[in-house]
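First the structure, in the form of structure tokens, and then the observations on it.
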Amino acid sequence: ILSFKKLETLLNTKNIQLTFSNLTDDDKDKLIEGGCISAHKETTFVFEDRDHGLEYFEDQILDDYYNTSEKRDAVSSWLDEILGDTASIEVFKEYLTTVEIKKGEVLFHNGEKGDKLFFIDSGLVKITLASARGREIRLAIMGPGAIIGDMSLFTDEPRTANAIAEQDTILYEFSKTKL
983 ILSFKKLETL
993 LNTKNIQLTF
1003 SNLTDDDKDK
1013 LIEGGCISAH
1023 KETTFVFEDR
1033 DHGLEYFEDQ
1043 ILDDYYNTSE
1053 KRDAVSSWLD
1063 EILGDTASIE
1073 VFKEYLTTVE
1083 IKKGEVLFHN
1093 GEKGDKLFFI
1103 DSGLVKITLA
1113 SARGREIRLA
1123 IMGPGAIIGD
1133 MSLFTDEPRT
1143 ANAIAEQDTI
1153 LYEFSKTKL
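Reading the sequence shown from the start, the letters are residues 983 to 1161 in the working numbering.
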């Protein structure tokens, strides 16, 4: 426990965070008893498993990187780079439908028919699969400018993952039916 106290001092002075995962109840109790971990410490974190810990820190990085207000109109900027002139952009946009989804809302489910793809204009979309035990596994977080759902559109196969809004999100939908 004394070595953890020294470690905590180092963590505080260097602005470093320490993460524990897969602790037994006995180990966790000893660390709490020794004052090494608690809900009030900002330098030490305890997670059920490594995946949950990694996901927490990924979320922190993504929150710092993606600021919806700064990334608005990502699709328009992207189209401007690719197509160049306003007339071409307007023609292309005739094939798109604006879709707005709220945080936690499902855009599509694994196994569904995939006859659409989506361009993310603002917000974040989490791509997930369910494990054999039914636990959600995050495969990716997609942000402004990303294209999702394209695999199923091109292969005519069912969706291979779920897409869920991580925050309020605006997308442009491109559907085969509009061709």
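Think of the CB as a built atom: it goes at the ideal place given N, C-alpha and C, for glycine as much as any other residue.
In this text, all values refer to a predicted model and were calculated from it rather than measured experimentally.
Please list, in chain order, all residues of the same chain as residue 1018 whose beta carbon is under 6 Å from its beta carbon, the five residues on each side excluded. Stepping through the sequence shown from its first residue, residue 1018 is reached at position 36. The residues are 986.
Inspect the beta-carbon positions of residue 1025 and residue 1005 and report whether they are closer than 9 Å. Sequence index remark: in the sequence shown, residue 1025 carries index 43 (1-based). Sequence index remark: in the sequence shown, residue 1005 carries index 23 (1-based). Contact: no.
Is there contact between the segment 1105 to 1124 and the segment 1061 to 1073, where contact requires at least three CB pairs shorter than 8 Å? Output reads no: the segment 1061 to 1073 does not touch the segment 1105 to 1124.
Decide if the segment 1128 to 1136 is in contact with the segment 1094 to 1106; the criterion is three or more beta carbon pairs, one per stretch, under 8 Å apart. Pairwise C-beta distances place the segment 1128 to 1136 in contact with the segment 1094 to 1106, as three or more of them are shorter than 8 Å.
Counted within 10 angstroms of its Cβ, other Cβ atoms place residue 1076 as buried (16 or more) or exposed: For the purposes of this step, residue 1076 is identified with residue 94 of the sequence shown, where counting begins at 1. Exposed.
Residues bridged to residue 1027 (per DSSP): By one-based count along the sequence shown, residue 1027 stands at place 45. Under DSSP, residue 1027 shares a beta bridge with 1001.
Alpha carbons only, please: which of 1016, 1107 and 1033 is nearest the one belonging to residue 1144? Position 162 of the sequence shown holds residue 1144. Residue 1144 has its Cα closest to that of 1107, out of 1016, 1107 and 1033.
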